[in-house]
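Worksheet for the structure shown next.
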Amino acid sequence: MEEFMNYVWSFIIGGLLCVIAQILIDRTKLTPARILVLYVCAGVVLNAVGLYEPLVSFAKAGATVPLTGFGNALARGVRKAVALSGPLGALTGGLTATSGGIAAALVFGYLTALIFKGKPK
Amino acid sequence: MICALGQGLHDIYLSLGIHEENAGTVVSITLIFLAALTTGLGWFDKLAKYAGAGTLVPITGFANAVVSPAVDTKSEGYILGLGAKIFTISGPVILYGVLTSAIFGMIIWILSLFGVMI
Amino acid sequence: MAKGIIKLKNAPAILCAASVVGKHESDGPLGALFDFHDKDDRFGQSTWEKAEAEMQHMALNLAMSKNKISITDIDAIFAGDLMNQCISSTYGLIAHDAPFMGLYSACSTAAEALILSGMTVNAGYFKRTASVTSSHNCSAERQFRTPVEYGGQRTPTSQWTVTGSAAFIIADDEGRHPRITEVMLGMTVDYGITDANNMGAAMAPAAADTMIRYFESSGLGPSAFDLIVTGDLGFEGHSIVLDLMSTKGYDLSGNYNDCGLLIYNRSSQDMHAGGSGCGCSAVVLASYLLKLIRDGELRDVLFIGTGALMSPLSVQQGGSIPGIAHLVRIKGDA
């Protein structure tokens, strides 16, 4: 049952984060690129003030998969690295924690570009 | 929807014996792979037309932001085309994310000098 | 005089025209009228830019073949497109050995090319000229917006750049042809619109400005024409023009249309506010409107090419989007 509820909350919280972005697209002049930047920065700030980790333990992938989760991962990495190595950690922590995702996007992006040809809409 | 798919993948990876700490990263990588594949096949933008922010906000949106300029600018060469333009949309996301987190890191370090832990 | 109507006393003939389009355009309500369409929008080329150039090449060849004209019969080519430095026109028409002038007036380039053709043929400098314009959805998306595969959502006011190219042969010819009898040059109008996703609103004041200047200098009202048609204002711009004109006392509700609305079925094709681009007004005129004029269903038409004079750079720097509208009066030779 607990496992089932994980899916339900993932769906609801993840969906909610998407709905907020959709409202921003429809109701404001913010471009998708600006919204993505906003979400990542919001993730960092929400982690900083201690709100995001509780959301993750509650909504699981519903909180980690959206881009705010990327910001959360950056902040989480920085926390850990600063505790271990002081001010240097402020620079190394973020990218260390998110390197998997960024490298995957770059590698798959490159390979996709090698294999596929652009298609019209 | 994509988040629930992510949770499903998470549970599958856990049951396959991947450590809890790594499972999150593996889920991200899987979703990025799927987004890259659908972008290459030309399905992603058609899906996004209906799902809107539903595909933009999850990590799949980030992956599409990396993959789509790569596919698109291959015609201008692998170095100054694909190589330089791959960051045109995702660059700002990485920059401002890292910038904010670095500022956050400096703040917690300075606070820790005064014995404050947050 | 300079701001007024230029009467072309010799009424140069639109000898023939041809249109080449992509998949969405051939799926639209005018689909059957286009001379050629390519189902994957590539036109056998490796890049979108080369595809657009190939469309211009094909459009001019098709237009010339309709009247069995060869390139040696063409005294000058006026051509333009939306790409930086007009590469679609240059590369597309490089094989055509004729004097060439590259034009840029955003989406109003088709009207600008017709005006220059009409005036030079009327003056007797040239016997035959070609006016060629094009736009390609994918090359325009890449240059003006985001990568083609990017999954960002479009806003409802945004328009769909038409994949299409049309060529017109303008000539001093005795036969029965649609004729350019008057032209009027547009003036840049800037209402301070900065939203690049609402070009219809940026161009509509320019269209209204040209119409008002034309009606005032000619003494004619909207009802004197069978059709008044703007280039690519789309749904938003079309209704803004109706409003602007009615506040000035001109009722356009009966005979005013827009090529951006004619080219697609907006609801079933999900084209938001309608079509746009250099190719939009060009292919609609070349296929649909000229046919109606030749068939005698339309005798007197005001064709008003509309353009948004912006670049991605100017928009990013917060610049406004000035609009322009060039007018061509086309009469049937009945």
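Chains as they are written, first to last, in our numbering: chain A, 1 to 121; chain B, 1 to 118; chain C, 1 to 334. Heads up, the beta-carbon is just placed ideally off N, CA and C, and yes, glycines get one too.
Skipping 5 residues on each side, what residues in its chain have a beta carbon closer than 8 Å to that of residue i?
i              : result
residue 5(C)   : 182, 183, 184, 214, 217, 218
residue 119(C) : 6, 8, 183
Using a Cβ-Cβ cutoff of less than 7 Å, which residues in the same chain neighbour residue i once the five nearest sequence positions on both sides are dropped?
i              : result
residue 190(C) : 320, 322
residue 140(C) : 82, 161, 277
residue 1(B)   : 54
residue 58(A)  : 9
residue 48(C)  : 136, 138, 139, 142
residue 90(C)  : 102
residue 28(C)  : 263, 264, 265, 269
residue 176(C) : 333
residue 101(B) : none
residue 245(C) : 208, 211, 252
Under 8 Å, Cβ to Cβ, is there at least one residue of chain C near residue i?
i             : result
residue 32(B) : no
residue 25(A) : yes
residue 89(B) : yes
residue 54(A) : no
residue 25(B) : no
residue 5(B)  : no
Kindly say whether residue i, judged by its beta-carbon, lies nearer than 8 Å to any beta-carbon of chain B.
i              : result
residue 29(A)  : no
residue 31(C)  : no
residue 70(A)  : yes
residue 150(C) : yes
residue 317(C) : no
residue 84(A)  : no
residue 119(A) : yes
residue 156(C) : no
residue 46(A)  : no
residue 3(A)   : yes
residue 47(C)  : yes
residue 147(C) : yes
residue 294(C) : no
residue 42(C)  : no
residue 67(A)  : yes
residue 266(C) : no
Flag residue i as yes if its beta-carbon sits less than 8 Å from any beta-carbon of chain A, otherwise no.
i              : result
residue 212(C) : no
residue 19(B)  : no
residue 2(C)   : Residue placement at residue 2(C) is poorly supported in this model, since its pLDDT is 49, which falls under 50; the coordinates still yield a value, given next. Judged by the 8 Å Cβ criterion, residue 2(C) is not in contact with chain A.
residue 15(B)  : no
residue 85(B)  : no
residue 153(C) : yes
residue 29(B)  : yes
residue 62(B)  : yes
residue 137(C) : yes
So who's on the other strand from residue i, going by DSSP bridges?
i              : result
residue 7(C)   : 182(C)
residue 302(C) : 228(C), 329(C)
residue 323(C) : 189(C), 308(C)
residue 16(C)  : 169(C)
residue 21(C)  : 37(C), 164(C)
residue 256(C) : 228(C)
residue 275(C) : 160(C)
residue 66(A)  : 58(B)
Near residue i, which residues of its chain fall below 6 Å by C-beta distance, leaving aside the five closest residues on each side in sequence?
i              : result
residue 67(B)  : 36, 39
residue 312(C) : 144
residue 16(B)  : none
residue 39(C)  : 23
residue 279(C) : 134, 135, 162, 164, 165
residue 284(C) : 259, 262, 263
Any heavy atom of the ligand SAM closer than 7 Å to the CB of residue i?
i             : result
residue 41(B) : Among the components of this structure there are no ligands whatsoever, and the ligand SAM is therefore not found.
inquiry  = My parser needs the beta strand (DSSP E) runs of 3 or more residues fully inside the stretch 123 to 195 of chain C; what are they?
reply    = 128 to 135, 164 to 171, 179 to 184
query = Is there contact here, the stretch 165 to 174 of chain C with the stretch 5 to 14 of chain C, by at least three beta-carbon pairs under 8 Å?
reply = yes
Cβ contact check for the stretch 229 to 237 of chain C and the stretch 264 to 280 of chain C: 3 or more pairs under 8 Å = yes
request  = Note down, one range per segment and in chain order, each beta strand (DSSP E) of at least 3 residues found wholly within the stretch 51 to 116 of chain B.
outcome  = none
task = May I have a chain-ordered list of the alpha helix (DSSP H) segments no shorter than 4 residues that lie completely inside the stretch 56 to 111 of chain C?
result = 87 to 92
request  = Please specify which runs of the alpha helix (DSSP H), each continuous and at least 4 residues long, are wholly inside the stretch 4 to 54 of chain B, giving them in chain order.
outcome  = 20 to 40, 44 to 51
query = Can we say the stretch 84 to 92 of chain A touches the stretch 16 to 26 of chain B, given the rule of at least three CB pairs closer than 8 Å?
reply = no
Touch test, the stretch 56 to 63 of chain B against the stretch 17 to 24 of chain A, Cβ-Cβ under 8 Å, three pairs minimum = yes
message = For the stretch 39 to 48 of chain B against the stretch 137 to 152 of chain C, do three or more pairs of beta-carbon atoms, one drawn from each stretch, fall closer than 8 Å, so that the two count as touching?
response = yes
ask   = Is it true that the stretch 73 to 86 of chain B meets the stretch 64 to 76 of chain A, where meeting means three or more beta-carbon pairs spaced less than 8 Å apart?
value = no
ask   = Can at least three beta-carbon pairs, one atom from the stretch 242 to 258 of chain C and one from the stretch 221 to 231 of chain C, be found at a separation below 8 Å?
value = They touch, by the three-pair rule.
inquiry  = Pairs of beta-carbons, one from the stretch 291 to 303 of chain C and one from the stretch 121 to 135 of chain C, closer than 8 Å: are there three or more?
reply    = no
inquiry  = Using a Cβ distance threshold of 8 Å, determine whether the stretch 98 to 105 of chain C contacts the stretch 69 to 80 of chain C, with at least three qualifying pairs required.
reply    = Output reads yes: the stretch 69 to 80 of chain C touches the stretch 98 to 105 of chain C.
message = Taking 8 Å as the cut-off, does the stretch 108 to 122 of chain C touch the stretch 89 to 105 of chain A (at least 3 CB pairs, one atom from each stretch)?
response = The stretch 89 to 105 of chain A makes no contact with the stretch 108 to 122 of chain C: fewer than 3 CB pairs, one atom from each, lie closer than 8 Å.
inquiry  = Under 8 Å: do the stretch 100 to 115 of chain A and the stretch 105 to 115 of chain B share three or more Cβ pairs, one atom per stretch?
reply    = no
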